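Participant: A single structure is presented below for examination.
Number of protein chains: 2
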Amino acid sequence: MRFILAGVLALGLGVGSPATAKGDVSSFTLENGLEVVVVEDHRAPVVVHMLWYRAGAADEAPGVSGIAHFLEHLLFKKTKNFEAGELSRVVAENGGSDNAFTSQDYTAYFQRVAADRLGLMMEMEADRVRNLVLSEDDIATERDVILEERAQRTDSEPGALFREQMNAAAFLNHPYGIPVIGWRHEMENLSREDALAFYERFYAPNNAILVVAGDVKPDEVLELAKTYYGPLAPTPDLGARERVQEPPQLAERRLRFADPRVSQPYVLRTYQAPERDSGDQAEAAALVYLAEILGGNGATSVLGRALQFDEQIAVYAGAGYRSVSLDDTSFTLIVVPAPDVALKDAEAALDREISEFLEAGIDPEQFERVKFQIRADDVYAQDDVYARAERYGSALTSGLTVEDVQAWPDALQAVTAEDVMEAARALFDERKAVTGWLVPEDGEEM
Amino acid sequence: MRFILAGVLALGLGVGSPATAKGDVSSFTLENGLEVVVVEDHRAPVVVHMLWYRAGAADEAPGVSGIAHFLEHLLFKKTKNFEAGELSRVVAENGGSDNAFTSQDYTAYFQRVAADRLGLMMEMEADRVRNLVLSEDDIATERDVILEERAQRTDSEPGALFREQMNAAAFLNHPYGIPVIGWRHEMENLSREDALAFYERFYAPNNAILVVAGDVKPDEVLELAKTYYGPLAPTPDLGARERVQEPPQLAERRLRFADPRVSQPYVLRTYQAPERDSGDQAEAAALVYLAEILGGNGATSVLGRALQFDEQIAVYAGAGYRSVSLDDTSFTLIVVPAPDVALKDAEAALDREISEFLEAGIDPEQFERVKFQIRADDVYAQDDVYARAERYGSALTSGLTVEDVQAWPDALQAVTAEDVMEAARALFDERKAVTGWLVPEDGEEM
């Protein structure tokens with residue numbers, strides 16, 4: 001009850017006038033709850049129009065894994081007002097491009113077209129928020145498509161199967177352990193009812209974020225959004241977005257995936273890691289540095305220098321961290337051993353380097369280089385209007401706000417070497433880690 | 001729709017007369033769907049009265065782990081017709097005992113009393129199928145009790161925590177990976193609404209099995225059951241019992257649990273294993289032999305003889321398999337190393353023995369001894385009226401029928417040595433295994 005009231009109050013405040021505007025980014029909320037973010041960039045007469053839903057694979061009900069992604073495919077079918085495929089055809093006829101993507105935390109649809117076609121895009125996108133018409137034929141046809149997609153991208157790729165099994169081991173309770181594409185045995189049974197249940201529950205203006213970026217004015221976007229998205233009724237009983245959470249991870253896990261198709265074995269390790277939280281982005285910012293310092297730019301990173309150049313144990317060593325996520329995420333280390341180096345020795349070298357790093361701390365010169373690089377990356381990113389739109393959409397569907405996105409560059413620049421070491425000490429807890437080996441069928445025993 | 005119709009037809013057939021009777025076991029189905037199994041044993045004027053629900057921890061909704069067990073506790077609170085604790089008090093005053101238990105597949109309530117008190121037991125048990133009255137005080141009080149139960153049985157026992165983390169690693173998708181007691185962070189939030197939702201969904205005469213064993217006649221039991229349980233209305237929309245199933249397990253997993261409280265390290269390995277299926281119990285029967293042959297009776301089993309007596313590597317080596325389970329279960333091997341033997345060496349010895357067993361096959365004399373022992377166990381089990389009742393209740397809540405239970409001793413006796421080897425070859429697939437080490441804080445690295 002409290003939740004619904006708060007929603008109504010928030011809508012009342014946001015109606016019709018910019019709620020936030022910093023530099024060239026503005027945001028509004030329509031009366032029906034649709035959030036709108038406008039990123040101005042007038043260098044070319046082009047606009048990116050994106051609709052993001054706060055609904056991804058991790059919001060699926062148990063047993064219907066893959067339904068979020070399946071529905072993404074189905075949204076290109078017939079609606080009450082348009083024929084199947086008509087949106088994509090109109091976009092192409094207007095010289096634009098369109099696509100869609102599904103992650104654990106969101107599903108998003110976008111078009112890139114000439115700026116004067118924005119109204120048409122909104123008309124067609126708004127239509128499929130509510131008006132999808134699904135036949136059993138659509139289900140049968142498109143289910144074959146996603147099964148084939150799984151066959152090609154996962155089942156025929158030992159590395160993808162390996163990462164899927166790693167992921168399942170990394171999460172004891174949370175749905176991030178289930179693949180976005182879905183488990184095959186569940187995908188085979190996905191039905192029209194399953195698709196409509198997900199659609200009716202999550203596809204609503206008050207569960208979506210509209211991001212428009214490019215050669216547009218905020219007022220024009222607001223007027224168009226009111227015209228096309230405004231008439232959509234909100235879903236009144238939209239519940240909180242609650243997922244099951246992890247219990248304490250108490251035991252170091254190891255996993256060996258053997259497949260005759262593997263030609264290049266490697267070691268992958270993931271640690272449970274915090275994500276960016278709204279109003280509290282400091283630890284995540286420190287982890288971005290940590291990934292860069294340990295495993296960014298091969299030649300100069302801690303792991304790259306030690307394992308690839310000094311010891312020549314690895315042909316590649318890297319680290320990865322995705323800070324934008326609704327719930328706890330993973331920090332990843334990878335070592336691809338040089339020919340004739342055993343995985344065991346490659347892993348031991350990795351462990352040794354991490355230990356030494358925790359003792360020795362960060363080289364001040366490297367830290368300054370990374371800090372400068374991060375700032376430069378941010379400046380360059382401003383040039384890519386699509387990337388800027390994507391940044392707002394992914395953040396706002398992952399529990400962050402426009403303010404968080406705007407505070408992020410400063411949060412990154414505020415990180416100190418000691419912050420990074422503190423985050424590293426908290427992160428490298430073997431009990432929260434999974435170590436995986438990808439090997440050929442007759443490969444090294446763990 | 002088909003499901004409901006089939007149910008109605010079955011009820012029509014079963015009303016009022018024994019549907020099945022073999023030896024001293026009879027079974028009926030009341031009009032409201034309650035199944036009744038009667039096991040006659042007139043050696044003592046005692047009766048065991050058990051009510052089993054087809055609802056266990058694996059039937060819980062995501063995020064409310066522990067609710068099945070929590071509800072079991074709450075069933076001893078007030079009902080419309082009796083005070084809190086009254087059932088247990090009446091049982092005790094009549095010189096009997098009572099209790100309840102929850103597993104992944106069932107929740108069961110039982111009393112053992114003088115045979116002439118059966119009607120009274122039924123009156124009180126039938127009352128709490130539908131008439132539970134829960135206050136917020138009950139919730140708060142009893143939630144503290146289950147949290148304390150978890151603290152004592154799990155959190156303060158490194159071996160229990162270890163097995164919990166093993167279990168989470170053993171199942172990639174299926175709820176058997178979630179502990180029956182619940183994850184602490186979810187238990188802390190279990191509410192009255194959660195308990196009532198589980199109660200209203202699963203506690204129904206057509207989702208229960210009444211097992212009465214002891215000094216009773218089937219006709220008397222049927223009459224009493226009709227009197228006391230007959231008036232309970234069935235739940236009309238009781239859905240099928242569907243749980244998410246496992247994807248293919250493709251990667252061998254290893255896990256190391258370190259805890260300063262560990263005084264005796266050991267190696268545990270679990271393999272994904274089939275369970276008894278209705279009408280198809282042969283493979284499970286073979287696995288019962290396999291567990292006995294490999295790790296039964298210490299002195300004469302394959303692992304016991306090799307690891308404890310010949311090589312003196314272990315102080316204990318065993319194997320375990322629980323055949324009764326609704327979905328795929330686990331086959332377990334354990335080696336507790338002798339002092340000064342490293343876990344690595346203990347595990348290597350285990351692997352060597354399994355390999356040798358797969359090559360050498362079963363010693364015919366040992367096979368005959370085990371076969372005889374299994375038959376003897378079955379004969380002795382007939383003496384324990386409580387165990388006989390338990391056997392029917394657990395089987396009927398795990399997808400088996402009265403006929404399956406009665407066919408089981410013959411299925412066991414029909415097993416050949418070649419059946420066992422075939423089951424062993426299918427079972428020992430490292431991709432479907434988790435190997436765990438329990439070690440002290442500064443224990444051996446994996």
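As given, the protein sequences belong to chains A and B, one line each in that order. Counted from 1, the first sequence has number 395 at position 395 by this note's numbering; the numbering is strictly sequential. Counted from 1, the second sequence has number 304 at position 304 by this note's numbering; the numbering is strictly sequential. Here a beta-carbon is modelled for each residue, glycine too, at the ideal position from N, C-alpha and C. Small disclaimer: the values here were computed from a predicted structure and weren't measured.
(1) Report buried or exposed for A/S330, applying the criterion of at least 16 other Cβ atoms within 10 angstroms of its Cβ.
(2) By Cβ distance below 7 Å, which residues in the same chain neighbour B/W408 in space, the five residues on each side in sequence not counted?
(3) Nearest-angstrom Cα distance between B/E157 and B/S65?
(4) Which of the three DSSP states, helix, strand or coil, is assigned to B/F101?
(5) Between which two residues does the alpha helix (DSSP H) carrying B/Q406 extend?
(6) DSSP on B/A61, reduced to helix/strand/coil?
(7) Assign B/G159 to one of three DSSP states: helix, strand, or coil.
(8) Let's see if you can read the secondary structure: which residues bound the beta strand (DSSP E) around A/H73?
(9) Which residue marks the beginning of the beta strand (DSSP E) containing B/Q272, and which one marks its end?
(10) Secondary structure at B/H42, three-state DSSP: helix, strand or coil?
(11) Would you say the region 168-181 of chain B touches the region 217-224 of chain B, given that touching needs at least three Cβ pairs under 8 Å?
(12) Can you name, in chain order, every residue of its own chain whose Cβ lies under 7 Å from the Cβ of A/S325, other than the five neighbours on each side?
(13) Apart from the five residues on each side of it in sequence, which residues of its chain come closer than 7 Å, Cβ to Cβ, to A/L232?
(14) Kindly indicate which residue of B/L294, B/D24, B/L51, B/V25 has the alpha-carbon position closest to the one of B/F34.
(15) Is the CB of B/F3 under 9 Å away from at least one CB in chain A?
(16) Distance check for B/A349 and A/A108, CA to CA, integer angstroms please.
(17) Mind checking which residues open and close the beta strand (DSSP E) that includes A/S394?
(18) Pairing CB atoms from the region 206-216 of chain B with CB atoms from the region 377-396 of chain B, are three or more of them under 8 Å?
(19) Verify whether the separation of the beta carbon atoms of B/T154 and B/L268 is less than 9 Å.
(20) Does any C-beta atom of chain B lie closer than 9 Å to the C-beta of A/P45?
(21) What residues from chain B crowd round A/H185, counting only those whose CB sits closer than 7 Å?
(22) Is A/R375 helix, strand or coil when you go by DSSP?
(23) Could you check what DSSP says for B/H185 in three-state terms: helix, strand or coil?
(24) Please confirm if A/E242 has its CB atom under 9 Å from at least one CB of chain B.
(25) What did DSSP end up calling B/P337 once you bin it into helix, strand or coil?
(26) Can you look up A/R425 in the DSSP assignment and give me helix, strand or coil?
(27) Pairing CB atoms from the region 354-372 of chain B with CB atoms from the region 76-84 of chain B, are three or more of them under 8 Å?
(28) Where does A/Q245 sit, in a helix, a strand or coil, going by DSSP?
(29) Nearest CA to the CA of A/F428: which residue from A/F82, A/D215, A/I67, A/Q249?
(30) Give a yes or no on whether the minimum CB-CB distance between A/A197 and chain B is below 9 Å.
(31) With a threshold of 9 Å between beta-carbons, can B/A169 be considered close to chain A, or not?
(32) Which whole runs of the beta strand (DSSP E) in the region 297-365 of chain A are 3 residues long or more, in chain order?
(33) What's the gap between the Cα of B/A84 and the Cα of B/S103?
(34) Name the chain A residues whose beta carbon is nearer than 9 Å to that of B/P62?
(35) Using the beta-carbon of each residue, which ones in chain B are nearer than 7 Å to A/Q406?
(36) Given a cut-off of 9 Å, decide if B/F198 and B/A55 are closer than it, judged by their beta-carbon atoms.
Facilitator: With the given structure in hand:
(1) Within the first sequence, the letter at position 330 stands for residue 330 of chain A. With 16 or more other Cβ atoms within 10 Å, it is buried.
(2) The residue given as residue 408 of chain B occupies position 408 in the second sequence. Cβ neighbours of B/W408 beyond the five flanking positions: Q281.
(3) Numbered from its first residue, the second sequence carries residue 157 of chain B at position 157. Numbered from its first residue, the second sequence carries residue 65 of chain B at position 65. Each residue's alpha carbon lies about 20 Å from the other.
(4) Translated into the one-based positions of the second sequence, residue 101 of chain B becomes position 101. It is a strand residue.
(5) Here residue 406 of chain B refers to the residue found at position 406 of the second sequence. 402-413 is the span of the alpha helix (DSSP H), which, as asked, contains B/Q406.
(6) For this step, residue 61 of chain B is matched to residue 61 along the second sequence. B/A61: coil per DSSP, three-state reduction.
(7) For the purposes of this step, residue 159 of chain B is identified with residue 159 of the second sequence, where counting begins at 1. Three-state DSSP puts B/G159 in a helix.
(8) Walking along the first sequence from the start, residue 73 of chain A turns up at place 73. Not the beta strand (DSSP E): A/H73 falls in the alpha helix (DSSP H), residues 67-74.
(9) Locating residue 272 of chain B in the second sequence gives position 272, counting from the first residue. 266-273 is the span of the beta strand (DSSP E), which, as asked, contains B/Q272.
(10) As a first step, residue 42 of chain B must be located in the second sequence, where it is residue number 42. Coil, per DSSP.
(11) no
(12) Position 325 of the first sequence, counting from 1, holds the residue named residue 325 of chain A. So the qualifying residues of the chain are D105, E275, S398.
(13) Numbered from 1 along the first sequence, position 232 holds the residue referred to as residue 232 of chain A. Counting only Cβ-Cβ distances below 7 Å, and skipping sequence neighbours, we find N32, A126, V129, R130, P205.
(14) What you label residue 34 of chain B is simply residue 34 of the second sequence in a count that begins at 1. Reading off the sequence, residue 34 of chain B comes out as Leu, not Phe. Of the candidates B/L294, B/D24, B/L51, B/V25, the one whose C-alpha sits nearest the C-alpha of B/L34 is B/L51.
(15) Here residue 3 of chain B is taken as the residue at index 3 of the second sequence, counted from 1. Residue placement at B/F3 is poorly supported in this model, since its pLDDT is 31, which falls under 50; the coordinates are not used for a value here.
(16) Position 108 of the first sequence, counting from 1, holds the residue named residue 108 of chain A. Position 349 of the second sequence, counting from 1, holds the residue named residue 349 of chain B. When rounded, the distance between both Cα atoms is 53 Å.
(17) Mapped onto the first sequence, residue 394 of chain A falls at position 394. Bounds of any beta strand (DSSP E) do not take in A/S394; it lies within the alpha helix (DSSP H) bounded by 385-396.
(18) yes
(19) Taking the second sequence and counting its residues from 1, one reaches residue 154 of chain B at position 154. Taking the second sequence and counting its residues from 1, one reaches residue 268 of chain B at position 268. No, Cβ-Cβ distance for B/T154 and B/L268 is not below 9 Å.
(20) Working through the first sequence from its first residue, we reach residue 45 of chain A at position 45. False, the Cβ-Cβ gap to chain B never drops below 9 Å.
(21) On the first sequence, position 185 is the one that residue 185 of chain A refers to. Residues of chain B passing the Cβ test: Q245, P247.
(22) In the first sequence, counting from the first residue as 1, residue 375 of chain A sits at position 375. In the structure shown, A/R375 adopts helical secondary structure according to DSSP, grouped into three states.
(23) Here residue 185 of chain B refers to the residue found at position 185 of the second sequence. Of the three classes helix, strand and coil, the one that applies to B/H185 here is helix, per DSSP.
(24) Within the first sequence, numbered from 1, the residue matching residue 242 of chain A stands at position 242. Judged by the 9 Å Cβ criterion, A/E242 is in contact with chain B.
(25) Taking the second sequence and counting its residues from 1, one reaches residue 337 of chain B at position 337. Here B/P337 sits in strand by DSSP.
(26) For this step, residue 425 of chain A is matched to residue 425 along the first sequence. Correct three-state label for A/R425: helix.
(27) In the pairwise beta carbon analysis, the region 354-372 of chain B is classified as not touching the region 76-84 of chain B: fewer than three pairs are separated by under 8 Å.
(28) Stepping through the first sequence from its first residue, residue 245 of chain A is reached at position 245. Residue state, collapsed to three classes: coil.
(29) For the purposes of this step, residue 428 of chain A is taken as residue 428 along the first sequence, with counting starting at 1. With distances taken between Cα atoms, A/F428 lies closest to A/Q249.
(30) Translated into positions along the first sequence, residue 197 of chain A becomes position 197. Taking Cβ atoms only, chain B never reaches closer than 9 Å to A/A197, which makes this a no.
(31) Position 169 of the second sequence holds residue 169 of chain B. Closer than 9 Å to some Cβ of chain A, the Cβ of B/A169 qualifies, so yes.
(32) Within the region 297-365 of chain A, the complete beta strand (DSSP E) segments at least 3 residues long are 314-321, 329-337, listed from N- to C-terminus.
(33) The count along the second sequence starts at 1 and reaches residue 84 of chain B at position 84. The count along the second sequence starts at 1 and reaches residue 103 of chain B at position 103. Using only the alpha carbons, I get a separation of about 24 Å.
(34) Here the question's residue 62 of chain B lines up with position 62 in the second sequence. Those are A61, P62, N173, P175, R243, V244, listed as they occur along chain A.
(35) Residue numbering aside, residue 406 of chain A sits at position 406 when the first sequence is read from its first letter. Those do not exist, as A/Q406 stays about 33 Å from chain B at its closest Cβ, beyond 7 Å.
(36) In the second sequence, counting from the first residue as 1, residue 55 of chain B sits at position 55. In the second sequence, counting from the first residue as 1, residue 198 of chain B sits at position 198. Yes; because the gap between Cβ atoms is below 9 Å, this pair is in contact.
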